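*Asks:* Questions regarding the structure given below will be posed in turn.
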Amino acid sequence: DVKVTQSSRYLVKRTGEKVFLECVQDMDHENMFWYRQDPGLGLRLIYFSYDVKMKEKGDIPEGYSVSREKKERFSLILESASTNQTSMYLCASSSSPGDGLYGYTFGSGTRLTVV
Amino acid sequence: LAKTTQPISMDSYEGQEVNITCSHNNIATNDYITWYQQFPSQGPRFIIQGYKTKVTNEVASLFIPADRKSSTLSLPRVSLSDTAVYYCLVGARMSYGGATNKLIFGTGTLLAVQP
Numbered sequence: 407d408v409k410v411t412q413s414s415r416y417l418v419k420r421t422g423e424k425v426f427l428e429c430v431q432d433m434d435h436e437n438m439f440w441y442r443q444d445p446g447l448g449l450r451l452i453y454f455s456y457d458v459k460m461k462e463k464g465d466i467p468e469g470y471s472v473s474r475e476k477k478e479r480f481s482l483i484l485e486s487a488s489t490n491q492t493s494m495y496l497c498a499s500s501s502s503p504g505d506g507l508y509g510y511t512f513g514s515g516t517r518l519t520v521v
Numbered sequence: 037l038a039k040t041t042q043p044i045s046m047d048s049y050e051g052q053e054v055n056i057t058c059s060h061n062n063i064a065t066n067d068y069i070t071w072y073q074q075f076p077s078q079g080p081r082f083i084i085q086g087y088k089t090k091v092t093n094e095v096a097s098l099f100i101p102a103d104r105k106s107s108t109l110s111l112p113r114v115s116l117s118d119t120a121v122y123y124c125l126v127g128a129r130m131s132y133g134g135a136t137n138k139l140i141f142g143t144g145t146l147l148a149v150q151p
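In structure tokens form, the structure reads like this:
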């Protein structure tokens, strides 16, 4: 069964810590995405990548960075965690080109709490 | 990407048919309409996609009128396990890489199915 795997389901970090959220997909997909999900705000796109070492900002990139050194792995980095980054983080992947809105596979999410 | 509007929540009972309508007045000629389902503590998953008229699969039907300014997701004979958030998305088949290559989610419709 094809998968997008996020390394942690739950994380608790302190304010100011550097935080790494890891995502791995086994579908050989070109495109990978990081979203955060908050009550009442739905899913918001943070960053995405359409190729190794390529990245583009989404709608809310401030306070985040990403890394994609290998095709299967896409990391989200919180350089200095703050309490307003407490959220559910979702990783997704899709193949390219031609899939459009179809065929996105999501991971199960990482619930990050910053205290 | 075209903006979508959906009801925030809906209630239903087991065995009933549920119709969730999405408004997308600014849909473009090459846009598709796609619905995703999200259970608590999981990432969204693809349900159905269409361009015009009616599409049916083993899970749901999607009705799209001729003007394509709205669409209706129909879930036949819902069960308790259909309680979830349903997202309507509108957008084009993506090009290879680039800014079009991303999903934009709204806040979705929370469907609560009761016994």
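Sequence order for the protein chains is A and B.
Sequential numbering from 407 applies to the first sequence in the numbering used here.
Sequential numbering from 37 applies to the second sequence in the numbering used here.
No residue lacks a Cβ here, since even glycine has one placed at the ideal position from N, Cα and C.
Predicted model only: the values in this text are computed from it and were never measured.
#1: Show which residues of chain B have a CB atom less than 8 Å away from the CB atom of residue 514 (chain A).
#2: Nearest to residue 50 (chain B) by CA position, among B:110, B:42, B:63 and B:117, is which residue?
#3: Can you check whether the C-beta of residue 427 (chain A) is within less than 8 Å of a C-beta belonging to chain B?
#4: Quick one: Cα of residue 77 (chain B) to Cα of residue 45 (chain B), how far?
#5: Taking a contact to mean a Cβ-Cβ separation below 8 Å, would you say residue 464 (chain A) touches residue 484 (chain A) in this structure?
#6: Would you kindly report the start and end of the unbroken beta strand (DSSP E) that includes residue 69 (chain B)?
#7: Classify residue 425 (chain A): buried if its beta carbon has 16 or more other beta carbons within 10 angstroms, exposed otherwise.
#8: Name the chain A residues whose beta carbon is nearer than 8 Å to that of residue 26 (chain B)?
#9: CB-CB under 6 Å to residue 41 (chain B), same chain, minus the five flanking residues each way: which ones, in chain order?
#10: For the 8 Å Cβ check, are there 3 or more pairs between the stretch 490-503 of chain A and the stretch 439-450 of chain A?
#11: Residue 99 (chain B) touches chain A at which residues, Cβ-Cβ below 8 Å?
#12: Less than 8 Å between CB atoms is the rule here; does residue 83 (chain B) satisfy it with respect to chain A?
*Replies:* Straight from the coordinates:
#1: Along the first sequence, one-based indexing puts residue 514 (chain A) at 108. Within chain B, the residues near residue 514 (chain A) are 77, 78 and 79.
#2: On the second sequence, residue 50 (chain B) is found 14 positions in, with the first residue counted as 1. Of the candidates B:110, B:42, B:63 and B:117, the one whose C-alpha sits nearest the C-alpha of residue 50 (chain B) is B:117.
#3: On the first sequence, residue 427 (chain A) is found 21 positions in, with the first residue counted as 1. So, not an interface residue.
#4: Here the question's residue 77 (chain B) lines up with position 41 in the second sequence. Here the question's residue 45 (chain B) lines up with position 9 in the second sequence. Each residue's alpha carbon lies about 18 Å from the other.
#5: Within the first sequence, the letter at position 58 stands for residue 464 (chain A). Within the first sequence, the letter at position 78 stands for residue 484 (chain A). The answer is no: Cβ separation not under 8 Å.
#6: Position 33 of the second sequence, counted from the first residue, corresponds to residue 69 (chain B). Run containing residue 69 (chain B): 67-74, per the beta strand (DSSP E) assignment.
#7: Here residue 425 (chain A) refers to the residue found at position 19 when the first sequence is read from its first residue. When all chains shown are included, residue 425 (chain A) counts as buried.
#8: No statement about residue 26 (chain B) is possible, as the shown extent of chain B runs from 37 to 151 and does not include it.
#9: For the purposes of this step, residue 41 (chain B) is taken as residue 5 along the second sequence, with counting starting at 1. Only 59 meet the Cβ criterion.
#10: yes
#11: Taking the second sequence and counting its residues from 1, the one referred to as residue 99 (chain B) is at position 63. By Cβ distance, chain A contributes nothing, its closest Cβ being about 18 Å from residue 99 (chain B), past 8 Å.
#12: Within the second sequence, numbered from 1, the residue matching residue 83 (chain B) stands at position 47. Chain A, which has no Cβ nearer than 8 Å to the Cβ of residue 83 (chain B), makes this no.
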